[in-house]
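Enquirer:
Numbering (the numbering used here), first residue to last: 1 to 550.
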C-alpha cells in the first residue's frame, strides 16, 4: 500500500493467503493517532474522501480506509467486521480460516501495516523533497513525454515550455509553505525533470572542480583540492537515474542492470562516470570531473605552483622538438590537464590525432582529428577499442598521436607508433613513480598477447619513451609535478632513468629544483642548432604551502 497508493474503493490486495478488498469508511478519526497532517494532504482528502498511508500521504481527520478481508481456499467466505482495538481507527480485522490457517481476527490484523506506523514513516520525509516529487510528477504528466515526441525539440525550447507549465502548476497549489521561493522551486523542479537537477548549479560554480553523488541525498564536491559535503540533494533515486540517462543517451551509450557502469562526457567536455544497481548497493552513483571553462595554459600551471618556470620552459621545448612523453600519476593528480597543456605547445602546422575513452582533450589546433572509443552494445557487439583506434590512426598520416590514457594492450601499439616515425607523441597512465610506470608498461604489453621475452619488451620501451613526467597530488590537495626523468636506455637488463627535475618537500611547502644533469637527447638538439640552456637544470624555486591547490 505504501508503494502503490493511493488506494481506491474496490481495490484488491493479496497478502499471503488473504484477499483484502478496500472500501471507504466514515467516522474514523486520525486525531487518536496524534498526527497533524499538512494542509495540502488534508485538502486532497476533502476531494477524494479517503486516506492513504504512504510516502505521499493524502489524509484527513474524517476518513480512513477499511478493508474487507477474504480468506482464499477451501470454504473461504467474506467476513466483515470492525476491530475492537482502542488504539486504532475503525478498520477491518476479521478473516475466515483456510485449511491449516489460524482462525483469530488478530492473525488477519498481523498482515496489515499499522496505520500509525505508516503515517509516522511518511511524516519523516522532508517536506521539501516530498513537495518536489509531487510537482515533478505533475510536470511530467503535463509534458506527457510518453505520448508526445519531444526528441526533436531543442533543450532551450523544452526547458522554456516546462518552466511555463511549472509556473501554472505551482500557481494552482494553494497550500505552499509561506515565504517559499516559488521561482526557485519552479527552476529546481524543471532542472530535475528535463536537465541535470541540483547538478546544474554545481556545474556552473567555478569553485567546484569535481562532483560526487554517492546516493540521491548525499553529494560531495571538491573545492580547492579539498572534499566537502554539499547541502544540495536530489528528490529521489529516480531523479538521479533520470539525470544519468539524459547524460548518456545522446552519446549512444546505455546504463541498466545488465550494463550498470558507463563512462561519458557532458557537452562542455566534463568527464562523467556513473554506476547503478545492482552494483551500486546504496543507490546510483555519479562522478563528474568538470572541464575548465577556459583552456589551461602553461602559465596557469606555473601560477598554480604545479611546476616552476624553468621546468615549464624545458617541457615546452621538449614538445616542440618532438620528444616522446609519458605522464604518470594517480587518480585526480592532474595528468589529463598537463597532457592538454603540453599538447597545446605542438606547432600549429602539424597534424594531430587524439584518441580517448571519453573525449576530454581540448586543443585549439586547426589540423586536428579527435577519435573516441565506443563500448559494446546490448548484444555485446560494436565495440571499438583504443587499440583499434591507435592502429587506424597510423594510417591517417599523423605527425603526432596523443592517447588520453593507456590502460591495456594499446600500450604496445602506442610505443610502436612512437618508435616508427611518429616522434613527439604523448600519453598518460596510472602509476605512483616513474619506475612503476615502466613496470605497468611491461604488463600492458604482455596483455597485448605478444609472445615477447621481457628483455625485448624493455628494449622496446627504452627505445620509445624519452621522458617520464610524474604528476602527484600532495596531502594538502596541491597538484604538482614531483619528478621529471629521462629514459637513458637499457643496461644489464634494466631500463636506466636519470632524474632531471624534482619537487622536494620543505617545511609546510616545498622546492622545485634542477638536479644538475642535462638529458642525453639534448645533444641532438645542439646538432640541429637548437639553443640549449644549461641553467634550466641547476635552478631551484620555492613552492607555496602544500595546502594550496593548483
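Every residue, glycine too, gets a C-beta built ideally from N, C-alpha and C.
Given residue 443, which residues of its chain have a CB within under 6 angstroms of its CB, disregarding the five upstream and five downstream residues?
Expert: Cβ neighbours of residue 443 beyond the five flanking positions: none.
Enquirer: For residue 521, which three-state DSSP category applies?
Expert: Coil at residue 521, not helix or strand.
Enquirer: On the three-state DSSP scale, how would you describe residue 27?
Expert: Here the model assigns residue 27 a pLDDT of 42, short of 50, so the residue's position is not dependable, and the following value carries that caveat. Here residue 27 sits in coil by DSSP.
Enquirer: Does the segment 323 to 331 come within contact of the segment 457 to 471, defined as at least 3 CB pairs closer than 8 angstroms?
Expert: Touching, per the Cβ criterion.
Enquirer: Do residue 325 and residue 466 come within 8 angstroms of each other at the CB atom, strictly closer than that value?
Expert: Yes, these two residues count as a Cβ contact at 8 angstroms.
Enquirer: If I follow the unbroken alpha helix (DSSP H) through residue 505, where does it start and stop?
Expert: It is not in any alpha helix (DSSP H) - residue 505 instead sits in the beta strand (DSSP E) that spans 494 to 506.
Enquirer: Our contact map puts residue 215 next to residue 282 with C-beta atoms below 8 angstroms; I'd like the distance itself, whole angstroms only.
Expert: About 5 angstroms separates the two Cβ atoms, so the contact holds.
Enquirer: On the DSSP bridge list, what partners appear for residue 471?
Expert: Paired residue(s): 329 and 481.
Enquirer: Would a C-beta distance cut-off of 8 angstroms place residue 159 and residue 189 closer than the cut-off?
Expert: Contact: no.
Enquirer: By the 10 Å Cβ neighbour count, where 16 or more other Cβ atoms means buried, how is residue 492 classified, buried or exposed?
Expert: Classification of residue 492: exposed, given that the 10 Å Cβ count is below 16.
Enquirer: Check for me: the alpha helix (DSSP H) holding residue 253 runs from which residue to which?
Expert: It is not in any alpha helix (DSSP H) - residue 253 carries neither H nor E in the DSSP assignment.
Enquirer: What does the alpha-carbon distance come out to for the pair residue 392 and residue 369?
Expert: Approximately 12 angstroms, taken between the alpha carbons.
Enquirer: Quick check on this structure: which residue in 406, 244, 399 and 396 has the alpha carbon closest to the alpha carbon of residue 385?
Expert: Of the candidates 406, 244, 399 and 396, the one whose C-alpha sits nearest the C-alpha of residue 385 is 406.
Enquirer: When you compare the segment 285 to 301 with the segment 397 to 411, are there three or more beta-carbon pairs, one atom per stretch, that lie closer than 8 angstroms?
Expert: No: fewer than three Cβ pairs fall under 8 angstroms.
Enquirer: Helix, strand or coil: how does DSSP classify residue 156 here?
Expert: Residue 156: helix per DSSP, three-state reduction.
Enquirer: Taking contact to mean at least 3 C-beta pairs separated by less than 8 angstroms, is the segment 373 to 381 in contact with the segment 411 to 421?
Expert: With the cut-off at 8 angstroms, the segment 373 to 381 and the segment 411 to 421 do not touch.
Enquirer: Spell out the partners DSSP gives residue 430 in its beta bridges.
Expert: 329, per the DSSP bridge assignment.
Enquirer: Could you tell me which residues DSSP puts in a beta bridge with residue 275?
Expert: Beta-bridge pairing links residue 275 to 261 and 285.
Enquirer: Is the distance from the Cβ of residue 389 to the Cβ of residue 371 below 8 angstroms?
Expert: In contact: residue 389 and residue 371 (Cβ atoms closer than 8 angstroms).
Enquirer: To the nearest angstrom, how far is it from the Cα of residue 121 to the Cα of residue 172?
Expert: Only weak support exists for where residue 121 lies, its pLDDT of 37 falling under 50; the value from the coordinates is given anyway. If I take the Cα positions, the gap works out to 28 angstroms.
Enquirer: Leaving aside the five residues before and after residue 366 along the sequence, list all residues of the same chain whose C-beta is less than 8 angstroms from its C-beta, in chain order.
Expert: Correct list, in chain order: 348.
Enquirer: Any idea what DSSP makes of residue 314, helix, strand or coil?
Expert: DSSP places residue 314 in helix when its eight states are reduced to three.
Enquirer: Helix, strand or coil, according to DSSP, for residue 514 in the structure here?
Expert: Reduced to three states, the DSSP call for residue 514 is strand.
Enquirer: Nearest by alpha-carbon distance to residue 254: which of 374, 488, 484 and 231 is it?
Expert: Measuring from the Cα of residue 254, the nearest candidate turns out to be 374.
Enquirer: If you scan the segment 367 to 404 from start to end, which runs of the beta strand (DSSP E) of 3 or more residues do you find wholly inside it?
Expert: Runs of the beta strand (DSSP E) inside the segment 367 to 404: 368 to 372 and 400 to 403.
Enquirer: Is residue 124 helix, strand or coil when you go by DSSP?
Expert: Reliability of the predicted coordinates at residue 124 is poor, the pLDDT of 37 falling under 50, and no value is obtained from them.
Enquirer: Which residue wins for smallest C-alpha separation from residue 520, given the options 507, 458, 323 and 508?
Expert: Of the listed residues, the one whose Cα sits closest to residue 520 is 323.
Enquirer: Assuming the contact rule is C-beta atoms closer than 8 angstroms, residue 484 and residue 497 should be a hit. Round their C-beta distance to whole Å, please.
Expert: At roughly 11 angstroms, the Cβ-Cβ gap does not stay under 8 angstroms, so residue 484 and residue 497 are not in contact.
Enquirer: Determine whether the Cβ of residue 515 lies closer than 8 angstroms to any Cβ atom of chain D.
Expert: Absent from the structure is chain D; it holds one protein chain and no more.
Enquirer: Tell me which residues share the same chain as residue 236 and place their Cβ nearer than 7 angstroms to its Cβ, disregarding the 5 neighbours each side in the sequence.
Expert: Contacts found: 133 and 216.
Enquirer: Classify residue 538 as buried or exposed, calling it buried when 16 or more other Cβ atoms lie within 10 Å of its own Cβ.
Expert: Result: exposed.
Enquirer: Spell out the partners DSSP gives residue 552 in its beta bridges.
Expert: Nothing about residue 552 can be read from this structure; the chain reaches only from 1 to 550.
Enquirer: Identify which residue in 213, 506 and 242 has its Cα closest to the Cα of residue 230.
Expert: The shortest Cα separation from residue 230 among 213, 506 and 242 belongs to 213.
Enquirer: Between the Cα of residue 408 and those of 441, 453, 426 and 346, spot the shortest distance and give me the residue it belongs to.
Expert: Ranking the options by Cα distance to residue 408, first place goes to 441.
Enquirer: Based on Cα-Cα distance, which residue from 534, 438 and 228 lies nearest to residue 458?
Expert: Residue 458 has its Cα closest to that of 438, out of 534, 438 and 228.
Enquirer: Mapping the DSSP letters down to three states, classify residue 599 as helix, strand or coil.
Expert: It is not possible to answer for residue 599, since the shown part of the chain is limited to 1 through 550.
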